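J.: Numbering (the working numbering), first residue to last: 2 to 102.
Laid out in structure tokens, this is it:
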């Protein structure tokens, strides 16, 4: 299940058009709302917190590697993400999920 979930998240990120990405990332509130919506959908699908955090971690990896921060909050998250090891990034993903839940 986890590999399928990670693959689905990766496909979604790779295929998102730039206009939609800009809409999500233009403000931190927009990013949190997008994440909250995805967490709610994952809950409804019956995914547990660990699975949701792994998906959030995949999103964090993608954003840190391929997107420039659009605001101070995203810049801080990117810096924390890059400074952390995989375990710390996973904990930060859990915290982000908790923040928007």
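From the three backbone atoms N, C-alpha and C, an ideal C-beta is built for every residue, glycine too. Keep in mind that this is a model prediction, so the values were computed, not measured.
CA-CA distance, residue 29 and residue 68?
T.: 14 angstroms
J.: Find the nearest neighbour of residue 23 within the set 83, 75, 47, judged by alpha-carbon distance.
T.: 75
J.: Nearest to residue 15 by CA position, among 62, 90, 88, is which residue?
T.: 62
J.: Can you find the residues in the same chain that come closer than 7 angstroms, C-beta to C-beta, to residue 94, ignoring five residues on each side of it along the sequence?
T.: 54, 57, 58, 61
J.: For the alpha helix (DSSP H) that residue 30 lies in, which residues bound it at each end?
T.: Secondary structure note for residue 30: its alpha helix (DSSP H) is the uninterrupted segment 29-45.
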